[in-house]
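Trainee: Can you keep this structure in mind? I'll have questions shortly.
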Amino acid sequence: MWDYTDKVKDHFLKPRNVGELEGANAIGESGSLNCGDALKLYLKVNENERIVDATFMTFGCASAVASSSALTEIIKGMTLTDAAKLTNDDISDYLGGLPKAKMHCSVMGQSALKKAIADFRGVQILAKPGEMICECFDVTDLEIIDAVKANGLKTTDDVTNYLKAGGGCGQCLDRIEEVIESVKAKG
Amino acid sequence: MKIVYTDNNATTKVADEVIEEMLPYLGELYGNPSSMHTFGDKVDRKIKEARQRVADFINADPDEIVFTSCGTESDNAAIYSAINAFPEKKHIITSNVEHPAINNLYQHLQKTKGYEITFVPVDKKGLLDLDILYDSMSDNTAIVSLMRANNETGVLFPIEDIAKKANEKGILFHTDAVQAAGKLVIDVKKMGVDMLSLSGHKIHAPKGIGVLYVKKGFKFSPFLIGGHQEQGRRGGTENTVSIIGMGKACELARENLTIMDTKVRELRDYLQIQLLEKIPGASVNGDLELRLPNTLSIGFDAVEGESILLLLDREGICASSGSACTSGSLDPSHVLMAMKVPFKSAHGSIRFSLSHYNTKDEMDIITNTLVPAIQKLRDMSPFWKDGKVI
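Protein chains in written order, with this note's numbering: chain A, 1 to 187; chain B, 1001 to 1390.
Here it is as structure tokens:
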């Protein structure tokens, strides 16, 4: 059984802000049916770039639903500038923490939010810089390096838990290990 | 809250009759069966009786029964014994839907000992590709090991036919019958296997007791080297209490086989029909006929397994999910992936596995809980709209 906090359980059983949002002017999607979890985030942003409403639709495990629910609660009332600074840890902290193997659920929330903000601003999210490492989950070496540095990840399992990279076909696991080693080598 | 226990392929309730049989040996009758005194001999006699009961259960001779600590140990002992018996043969055949006890052991042998492993694929219904299987048998094959029944879907493999072919070619044959035992007749002579694994806790005995059947004449080498116990085939003082429990459980399982094939099968079919009728976008995984009578693996489109399990758990219903979701991988089970079950339902697959303790009322409780639970999850799923997957 997963070791979920009461807050995760509460947000799973009674998710806040579920559904499509009428009049939404910013939408961000992350994940897919094949991956096993996906989030569609709807925002209503006013002329001052303040998020006046936020809803979500999520397919996934309890922590994916709870992370989505938490995300909408956190960002309501925020300006886009502040929302853009939100990290996956903010979502996890709001829920009193997530099990290590479920951290990617909070990453999914952060990613959908970034896309929604880009959608509102009419910015096209360009092809990601760096070398593609995990084709299954679209993760580059630069993203792995960032995650390793920011969260002190040490093993390929850690990277999979945070980014899902390596969790599909597994062919890139050796490459992920090389990336981790290279970060270690550079200190 | 009343528990509705439908996770019997994971583990089973220890039968009251089994507990009753074991209790004296957990208490005052604590002697060592190897001792040279009447006190220890009392336990030895009871173990002989247990060995006979297990042998009767699978139509073996008592001398062919080796007690182990679990199904995994039985599997490991069988495979290591086979490769020790034929050190020059470096090829092993299995399927790609085996239990980790076999699957991970083979991957280990592949990586560390240079064995070539043929993982025979299954089709959409979970049935083995017999052509590939038979074509892969060669003089270099040390052992063929295939499960009798799959733990996740309940799908059956035709062990008797395959063992016959292996036998003709002089290749050892092992079957993991952990899930089949207590649900189907197990007859080692009819099946023609050289070795067969059983696990106590799947048939209402306690955890921590397994059995390996080793056919007379096979030069078995022990996995656990130690004392003379089990005729030198498994060192370590006997787990007397659990062995006695295992004996009783086998006796009961033999008596209950008819109930399994009638009452339990009817309950499973009833649950299956109810769920398929009341929940759109639901599909059964695995062949409907060649399947254990107690197992239902059913996938629900556009929802995820762990979420379903947690909503069932709220009502005291115990089941398990096809998707492990234990790591970031979020991969559905290797069994469902091997069967090419589409992602849309693989992630939302749930296994209900029944026992003779279940009732029709419990099946109704499951249906009545699951219908709104799936609805609730679909209401928030971005992949479900107007009654179908988008």
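We put the CB at the ideal spot given by N, CA and C, even for glycine.
#1: In terms of residues, what are the limits of the beta strand (DSSP E) holding residue 1364(B)?
#2: Mapping the DSSP letters down to three states, classify residue 1040(B) as helix, strand or coil.
#3: Using 8 Å for Cβ pairs, my map puts residue 1391(B) next to residue 1291(B). What's the rounded Cβ distance?
#4: When you compare the CB positions of residue 165(A) and residue 180(A), do they come within less than 8 Å of one another, or not?
#5: With three or more C-beta pairs closer than 8 Å as the rule, is the segment 1016 to 1031 of chain B touching the segment 1218 to 1233 of chain B?
#6: Does DSSP put residue 1341(B) in a helix, a strand or coil?
#7: Per the DSSP calculation, residue 1143(B) is bridged to which residue(s)?
#8: Let me confirm a value: residue 52(A) is counted as buried when at least 16 other C-beta atoms fall within 10 Å, else exposed. Which label applies?
#9: Starting from residue 53(A) and walking both ways along the beta strand (DSSP E), at which residues does that stretch end?
#10: For residue 1005(B) and residue 1321(B), I'd like the C-alpha separation in whole angstroms.
#11: Using 8 Å as the limit for Cβ to Cβ distance, is residue 61(A) near chain B?
#12: Tell me the rounded alpha-carbon separation between residue 1325(B) and residue 1114(B).
#13: Three-state secondary structure (DSSP) at residue 122(A)?
#14: By DSSP's criteria, residue 255(A) is part of a beta bridge. Which residues make up the other side?
#15: Considering Cα atoms alone, identify which of 13(A), 43(A), 35(A) and 148(A) is closest to residue 117(A).
#16: State buried or exposed for residue 1099(B), treating a residue as buried only when at least 16 other CB atoms are found within 10 Å of its CB.
#17: So residue 1068(B) and residue 1172(B) are in contact, right, with Cβ under 8 Å, and what is the actual spacing, rounded?
#18: Quick check on the DSSP output: what are the complete alpha helix (DSSP H) runs of length 4 or more inside the segment 1110 to 1162 of chain B, in order along the chain?
#19: Determine the chain B residues that contact residue 12(A) at a beta-carbon separation under 8 Å, and present them in chain order.
#20: Would you mind reading off the limits of the alpha helix (DSSP H) that contains residue 150(A)?
#21: Is it buried or exposed, residue 70(A), if we count other Cβ atoms within 10 angstroms and call 16 or more buried?
#22: In chain B, what lies closer than 9 Å to residue 8(A) by C-beta?
#23: When you compare each of 78(A), 120(A), 129(A) and 21(A) to residue 1382(B) by their alpha carbons, which one comes out closest?
#24: Does the distance between the C-beta of residue 1364(B) and the nearest non-hydrogen atom of the ligand PLP fall short of 7 Å?
#25: Under 8 Å between C-beta atoms, does residue 1347(B) make it to chain A?
#26: Going by the CB atoms, is the gap between residue 1374(B) and residue 1279(B) shorter than 8 Å?
#27: When you check each C-beta in the segment 46 to 75 of chain A against every C-beta of chain B, which residues fall closer than 7 Å?
#28: Could you give the distance in angstroms between the alpha-carbon of residue 1169(B) and the alpha-carbon of residue 1138(B)?
#29: Name the chain B residues that come within less than 9 Å of residue 18(A), Cβ to Cβ?
#30: Can you tell me where the alpha helix (DSSP H) holding residue 83(A) begins and where it ends?
#31: Pull up the CB-CB distance for residue 130(A) and residue 141(A), whole angstroms please, since I reckon it's below 8 Å.
#32: When you check each C-beta in the segment 106 to 137 of chain A against every C-beta of chain B, which residues fall closer than 8 Å?
#33: Within this structure, are the beta carbons of residue 95(A) and residue 67(A) separated by less than 8 Å?
#34: Can you tell me whether residue 1378(B) is buried or exposed, with buried defined as 16 or more other CB within 10 angstroms of its CB?
#35: Distance cutoff 8 Å, beta carbons only. Does residue 1326(B) sit that close to anything in chain A?
#36: Under 8 Å Cβ to Cβ from residue 1328(B), same chain only, skipping five residues before and after it: list those, please.
Mentor: Let's see:
#1: Here residue 1364(B) refers to the residue found at position 364 of the second sequence. Not the beta strand (DSSP E): residue 1364(B) falls in the alpha helix (DSSP H), residues 1360 to 1379.
#2: Position 40 of the second sequence holds residue 1040(B). Residue 1040(B) falls in the helix class under three-state DSSP.
#3: Beyond the ends of chain B as shown, which are 1001 and 1390, falls residue 1391(B); an answer cannot be given.
#4: What you label residue 165(A) is simply residue 165 of the first sequence in a count that begins at 1. What you label residue 180(A) is simply residue 180 of the first sequence in a count that begins at 1. Not in contact: residue 165(A) and residue 180(A) (Cβ atoms no closer than 8 Å).
#5: No: fewer than three Cβ pairs fall under 8 Å.
#6: Looking up residue 1341(B) in the second sequence gives position 341. Under the three-state reduction of DSSP, residue 1341(B) is assigned to coil, being neither helix nor strand.
#7: Along the second sequence, read from residue 1 onward, the residue named residue 1143(B) stands at position 143. BP columns for residue 1143(B) point to 1092(B) and 1172(B).
#8: Start at 1 with the first residue of the first sequence, and residue 52(A) comes out as number 52. By the 10 Å Cβ count, residue 52(A) comes out exposed.
#9: Numbered from 1 along the first sequence, position 53 holds the residue referred to as residue 53(A). In the DSSP assignment, residue 53(A) falls within the beta strand (DSSP E) that extends over 51 to 59.
#10: The residue labelled residue 1005(B) in the question sits at position 5 within the second sequence. The residue labelled residue 1321(B) in the question sits at position 321 within the second sequence. Distance between the alpha carbons of residue 1005(B) and residue 1321(B): 14 Å.
#11: Working through the first sequence from its first residue, we reach residue 61(A) at position 61. Yes, because at least one Cβ of chain B sits closer than 8 Å to the Cβ of residue 61(A).
#12: One-based indexing of the second sequence puts residue 1325(B) at position 325. One-based indexing of the second sequence puts residue 1114(B) at position 114. Because the pLDDT of residue 1325(B) is 45, which lies under 50, any placement of that residue in the model is unreliable, and the number read from its coordinates should be weighed accordingly. Roughly 31 Å between the two C-alpha positions.
#13: Taking the first sequence and counting its residues from 1, one reaches residue 122(A) at position 122. Here DSSP, grouped into helix, strand and coil, assigns residue 122(A) to coil.
#14: This structure cannot speak to residue 255(A), because chain A is shown only from 1 to 187.
#15: Here residue 117(A) refers to the residue found at position 117 of the first sequence. Nearest in C-alpha terms to residue 117(A), of all of 13(A), 43(A), 35(A) and 148(A), is 43(A).
#16: One-based indexing of the second sequence puts residue 1099(B) at position 99. The residue is buried, with at least 16 neighbouring Cβ atoms inside 10 Å.
#17: If you number the second sequence from 1, residue 1068(B) lands on position 68. If you number the second sequence from 1, residue 1172(B) lands on position 172. The C-beta distance from residue 1068(B) to residue 1172(B) rounds to 18 Å, too long to meet the 8 Å contact threshold.
#18: Counting only runs that start and end inside the segment 1110 to 1162 of chain B, the alpha helix (DSSP H) elements of at least 4 residues fall at 1130 to 1136.
#19: Indexing the first sequence from 1 puts residue 12(A) at position 12. Residues of chain B passing the Cβ test: 1307 and 1310.
#20: Numbered from 1 along the first sequence, position 150 holds the residue referred to as residue 150(A). It spans 141 to 151 - the alpha helix (DSSP H) in which residue 150(A) sits, taken as one unbroken run.
#21: Along the first sequence, one-based indexing puts residue 70(A) at 70. That one is buried.
#22: As a working mapping, residue 8(A) is identified with position 8 in the first sequence. Think of a sphere of 9 Å around the beta carbon of residue 8(A): no beta carbon from chain B falls inside it, the nearest being about 10 Å out.
#23: Start at 1 with the first residue of the second sequence, and residue 1382(B) comes out as number 382. Minimum Cα distance to residue 1382(B) is reached at 21(A).
#24: For the ligand PLP, the structure offers nothing, since it holds no ligand at all.
#25: What you label residue 1347(B) is simply residue 347 of the second sequence in a count that begins at 1. True, the Cβ-Cβ gap to chain A drops below 8 Å.
#26: Sequence index remark: in the second sequence, residue 1279(B) carries index 279 (1-based). Sequence index remark: in the second sequence, residue 1374(B) carries index 374 (1-based). Against a cut-off of 8 Å, the Cβ pair of residue 1374(B) and residue 1279(B) comes out as a contact.
#27: For the segment 46 to 75 of chain A, which is checked against every Cβ of chain B, the residues closer than 7 Å are 57, 58, 59, 60, 61, 62 and 65.
#28: For this step, residue 1169(B) is matched to residue 169 along the second sequence. For this step, residue 1138(B) is matched to residue 138 along the second sequence. Straight-line Cα distance between these residues: approximately 8 Å.
#29: Start at 1 with the first residue of the first sequence, and residue 18(A) comes out as number 18. Neighbours of residue 18(A) on chain B, chain order: 1379 and 1380.
#30: To locate residue 83(A), count along the first sequence from 1; it is residue 83. If you look at residue 83(A), you'll find it in the alpha helix (DSSP H) that goes 80 to 83.
#31: Start at 1 with the first residue of the first sequence, and residue 130(A) comes out as number 130. Start at 1 with the first residue of the first sequence, and residue 141(A) comes out as number 141. That belief holds up - the Cβ atoms of residue 130(A) and residue 141(A) are roughly 5 Å apart, short of 8 Å.
#32: If you check each beta-carbon in the segment 106 to 137 of chain A against every beta-carbon of chain B, none falls closer than 8 Å.
#33: Here residue 95(A) is taken as the residue at index 95 of the first sequence, counted from 1. Here residue 67(A) is taken as the residue at index 67 of the first sequence, counted from 1. Yes. Within cutoff.
#34: Along the second sequence, read from residue 1 onward, the residue named residue 1378(B) stands at position 378. It counts as buried.
#35: Working through the second sequence from its first residue, we reach residue 1326(B) at position 326. Reliability fails at residue 1326(B), whose pLDDT of 43 lies under 50, so the model's placement of it is uncertain and the value that follows must be treated cautiously. By this cut-off, residue 1326(B) is an interface position.
#36: Reading the second sequence from its first residue, position 328 is the one you call residue 1328(B). Bear in mind that a pLDDT of 45 at residue 1328(B), under 50, signals an unreliable position, so the number given afterwards is only what the model happens to contain. Taken in chain order, the list of residues that qualify is empty.
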